[in-house]
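Here the working numbering is used: the first residue of the sequence shown is 92, the next is one more, and so on.
Quick reminder that beta carbons are idealized off the backbone N, C-alpha and C, glycines included.
Here the structure is a predicted model, which means the values were calculated and not measured.
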Amino acid sequence: MTRVQDYWIVDKIICARRSVRAFLDTPIDPVIIRQILEVASRAPSGTNTQPWQVYVLTGAVKERLSNEIVDAFLDPEKVNRYQEEYDYYPSSWIEPFISRRRKVGLDLYGLLGLRKEDRAGMQQQHARNFRFFDAPVGLIFTIDRVMGKGSLLDYGMFMENIMISARAHGLATCAQAAFNQFHTIIERQLNLPDNESVVCGMALGYEDKRAIVNTLKTMRAPIDEFVKFLS
C-alpha cells in the first residue's frame, strides 16, 4: 500500500507543476537549491554523459544580467542585433501547434487585460522574462558545443527533474527559452568559456499566489490524440 501511495504522490507533484510568471522576493535557502540540483542530476543521459552545466544567479549578478538584456530588448535599435543561436520554434507553423500556441498566448494576455493591439503592453510583459519574473533565483543552463542534438533530450529530463523537485520543496519554476536570443550578453556577463552554449534560463522561487497571471491553466490534449496502442 505504501508503494502505491508513493506513486500517487509523484503523479500529484508532476500534475501540480506549471509555469509561474510572478514570484515573491522571499529568498531560498542555498541548501535547498543544492538539494534540488543534486536530485535533478539523477536524470538519465546517453552513456552517462551528463551534458548539463548550471549557473545559479542571485543578487547583483542576476540584476546586472537582467538590466542589460531588458535594455537591449526594449530598444528597437539594439534588439535586432541579437539572434537566437539555435531554433527553438519552427520557422513555419502548422496545426495543431499553431492553435495551441495562439490559445496560450490569448489566455495569458487576456488574464492581464492586454489586447492584441496593445503591443507595448505585451512587450513589457515579455520583458519580465528577462527579470526571471522577479524570482530571487535565476538559472542559466549551458551545454558544451561538442555535444550533439541528442544531448538536448537528456537536458530536458534534467530540467524536468529540477521543476518537479522544486515543486516538492514548495517552490515554483518557469523554464524560459526567451533568453536564447540574448546568448551573447549572457556569455559575456557570466564569462562563459568559448566551448559553452546557452540552452535557456529558468526562474526559481516562491509563487506569488495573489498575482492573476498565476491563475493561468494550460490545456493538455487527451492521450488518444498523441498515443497509438499497437498489439
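Closest in C-alpha terms to Y180, from the list D97, R172 and Q272, comes Q272. It is roughly 37 angstroms from the alpha-carbon of L283 to the alpha-carbon of D198. Annotated three-state conformation of F114 is strand, per DSSP. A contact is defined here as three or more CB-CB pairs under 8 angstroms, and the stretch 114-121 meets this definition with respect to the stretch 211-229.
In the three-state scheme derived from DSSP, where H, G and I count as helix and E and B as strand, E168 is classed as coil. With contacts defined as CB atoms closer than 9 angstroms, A263 and F114 qualify as a contacting pair. The distance from the Cβ of M238 to that of P142 is about 5 angstroms, consistent with a contact at the 8 angstroms cut-off. The beta carbons of M293 and I253 sit about 7 angstroms from each other, so the pair counts as a contact at 8 angstroms. Residue pairing by DSSP places Q144 opposite T233 in a beta bridge. For the pair of segments examined, the stretch 136-154 was found to touch the stretch 239-246: the number of CB pairs separated by less than 8 angstroms reaches three. The criterion of a C-beta distance shorter than 9 angstroms is not satisfied by Q267 and F320. Taking every protein chain shown into account, the CB of A211 has fewer than 16 other CB atoms within 10 angstroms, so this residue is exposed.
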